[in-house]
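Chemist:
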Amino acid sequence: MTAAPNSPTEIADILAFYASAGVDEALEDAPVNRFAEAAPRPVERAPAPSPREDKTPERPAASSGLDASKVPDAPVRTVSATAAVPDEAQAALARQMATSASTLEELRQHMAAFDGCNLKATAKSLVFADGNPEAAVMLVGEAPGRDEDIEGLPFVGRSGRLLDRMLAAIGLDRSSVYIANVIPWRPPGNRTPTPHETEICRPFIERQIELINPKVLVNLGGPSAKTLLNTSEGILRLRGNWRAHTTASGIVIPAMPTLHPAYLLRTPAHKKLAWRDFLEVKAKLKALG
12 MTAAPNSPTE IADILAFYAS AGVDEALEDA PVNRFAEAAP RPVERAPAPS PREDKTPERP
72 AASSGLDASK VPDAPVRTVS ATAAVPDEAQ AALARQMATS ASTLEELRQH MAAFDGCNLK
132 ATAKSLVFAD GNPEAAVMLV GEAPGRDEDI EGLPFVGRSG RLLDRMLAAI GLDRSSVYIA
192 NVIPWRPPGN RTPTPHETEI CRPFIERQIE LINPKVLVNL GGPSAKTLLN TSEGILRLRG
252 NWRAHTTASG IVIPAMPTLH PAYLLRTPAH KKLAWRDFLE VKAKLKALG
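Positions 12 to 300 (the working numbering) are the ones given, in order, by the sequence shown.
Below is the structure:
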């Protein structure tokens, strides 16, 4: 087994490896030896039945020349339960649980109890929502990041602070909007959620939108727009053009796709595009009263 790193150079190398693998925080105070956890467990043998309870026929030991009393019992292996792979049954369960929620609190409880999305197993928090449930504007991103996973709230890191400034520019803040994500659990290492993970979580965000019933929906980023507007177009083609999100009950909500704040942090030159989109949202709210 490789010795533990001792020199600063070795320690720096192993930390760089962890960072590239998506490890960005320590979950335990003491290191966990995963190899020890994976060591094979001793095989358990079934207890020998009492003479009165043993109804199995005697082994034909005579034909093999073996003493039947010296032939060991076959070992019985213990199979540990494993997590079920999310499938259509889990997707159907998500739809059923989402539909049965009549309030936001019921929806939160159903999502907390749902184990059909494997992202829940690696996330620290259920990131449900933030803001005012009575708001006229609902903003929906893709999935939580590291800061959101720690706080249990959407958009609280650098992208969240930028979003706050964008809202303030049109006279809004977190007390006058409602913020959520398509996926409520952080993907490990902030990786992109798979299409299957998105579909598993889709019923929950769609029901969340239906319960809020906002006047205007703002899709922050391509994944949110593609999921909730049922389109395959890229965000740079979608943004700035009003679309519509239709709820399960048939309510049509005007939707504005725009650029995600995290993208704007990487591409500051496109902030002017997002600014135009938010001006459209402001004008729409004024027109709707």
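Note that the Cβ used here is the ideal one computed from N, Cα and C, for glycine as well.
To the nearest angstrom, how far is it from the Cα of residue 258 to the Cα of residue 20?
Modeler: Roughly 56 Å separates the two Cα atoms.
Chemist: Go to residue 256, then tell me how far its alpha helix (DSSP H) extends in each direction, as first and last residue.
Modeler: Counting along the chain, residue 256 falls outside any alpha helix (DSSP H), though it belongs to the beta strand (DSSP E) covering 254-257.
Chemist: Does the separation of the CB atoms of residue 249 and residue 268 fall below 9 Å?
Modeler: Cβ distance < 9 Å, so residue 249 and residue 268 count as in contact.
Chemist: For residue 222, collect the residues of the same chain with a Cβ closer than 6 Å to its Cβ; drop the 5 residues on either side in sequence, then sort them by chain order.
Modeler: Excluding positions up to five away in sequence, the list reads 115.
Chemist: Could you round the C-beta distance between residue 10 and residue 300 to whole angstroms and report it? I think they count as a contact, below 8 Å.
Modeler: Nothing in the structure corresponds to residue 10, since the chain is present only between 12 and 300.
Chemist: Using only alpha-carbon positions, find the residue among 18, 199, 288 and 282 that is nearest to residue 173.
Modeler: Considering only alpha carbons, the answer is 282.
Chemist: Report yes if the CB atom of residue 190 is closer than 9 Å to the CB atom of residue 152, and no otherwise.
Modeler: It is a contact, given that the beta carbons lie within the stated cut-off.
Chemist: Please state if the CB of residue 140 and the CB of residue 121 are separated by a distance shorter than 9 Å.
Modeler: No, the pair does not count as a contact, with Cβ atoms beyond the cut-off.
Chemist: With a Cβ-Cβ cutoff of 9 Å, do residue 130 and residue 206 count as a contact?
Modeler: No, these two residues do not count as a Cβ contact at 9 Å.
Chemist: Going by alpha carbons, who is nearest to residue 181 out of 295, 106 and 159?
Modeler: Among 295, 106 and 159, the Cα nearest to that of residue 181 is on 295.
Chemist: With DSSP as the reference, please indicate the residues paired to residue 189 in a beta bridge.
Modeler: Residue 189 pairs with 142 and 149.
Chemist: Reducing DSSP to helix, strand and coil, say where residue 299 ends up.
Modeler: Residue 299: helix per DSSP, three-state reduction.
Chemist: Is DSSP giving residue 266 helix, strand or coil here?
Modeler: Residue state, collapsed to three classes: strand.
Chemist: Is the distance from the Cβ of residue 118 to the Cβ of residue 215 below 9 Å?
Modeler: In this structure, residue 215 lies closer than 9 Å to residue 118 by Cβ.
Chemist: With DSSP run on the structure shown, which of helix, strand or coil describes residue 230?
Modeler: Strand.
Chemist: Candidates 161, 154 and 246: which alpha carbon is nearest residue 213's?
Modeler: Per the Cα distances, 154.
Chemist: Rounded to the nearest angstrom, what separates residue 25 and residue 157 at their Cα positions?
Modeler: In a straight line, the C-alpha of residue 25 is about 21 Å away from that of residue 157.
Chemist: Quick check: the Cα distance between residue 82 and residue 125, rounded to an integer number of angstroms?
Modeler: With a pLDDT of 43 at residue 82, under the threshold of 50, the modelled position of this residue cannot be trusted; read the value that follows with caution. Rounded to the nearest angstrom, the two C-alpha atoms are 48 Å apart.
Chemist: Use the C-beta contact count for residue 263: other C-beta atoms within 10 angstroms, 16 or more gives buried, fewer gives exposed.
Modeler: Residue 263 should be labelled exposed.
Chemist: Buried or exposed, going by whether 16 or more other CB atoms sit within 10 Å of the CB of residue 290?
Modeler: The residue is exposed, with fewer than 16 neighbouring Cβ atoms inside 10 Å.
Chemist: Between which two residues does the alpha helix (DSSP H) containing residue 125 stretch?
Modeler: No alpha helix (DSSP H) holds residue 125; DSSP gives it neither H nor E.
Chemist: Is the separation between the beta-carbon of residue 211 and that of residue 107 shorter than 9 Å?
Modeler: The answer is no: Cβ separation not under 9 Å.
Chemist: As an exercise, report each continuous alpha helix (DSSP H) stretch of at least 4 residues that is fully enclosed by the region 194-227, in chain order.
Modeler: Within the region 194-227, the complete alpha helix (DSSP H) runs of at least 4 residues are 206-223.
Chemist: Which of helix, strand or coil does DSSP assign to residue 98?
Modeler: Of the three classes helix, strand and coil, the one that applies to residue 98 here is coil, per DSSP.
Chemist: Could you please give the first and the last residue of the uninterrupted alpha helix (DSSP H) stretch that includes residue 171?
Modeler: Start and end: 169-179.
Chemist: Take residue 265 as the anchor and find which of 271, 159, 277 and 251 has the nearest alpha-carbon.
Modeler: Comparing Cα positions, the closest option is 251.
Chemist: Output needed for residue 177: all residues of its chain with C-beta closer than 8 Å, excluding positions within five of it in sequence on either side, in chain order.
Modeler: Same-chain partners within the cutoff: 272, 285, 286 and 289.
Chemist: Apply the 10 Å Cβ neighbour rule to residue 297 and answer buried if 16 or more other Cβ atoms are within range, or exposed otherwise.
Modeler: So residue 297 counts as exposed.
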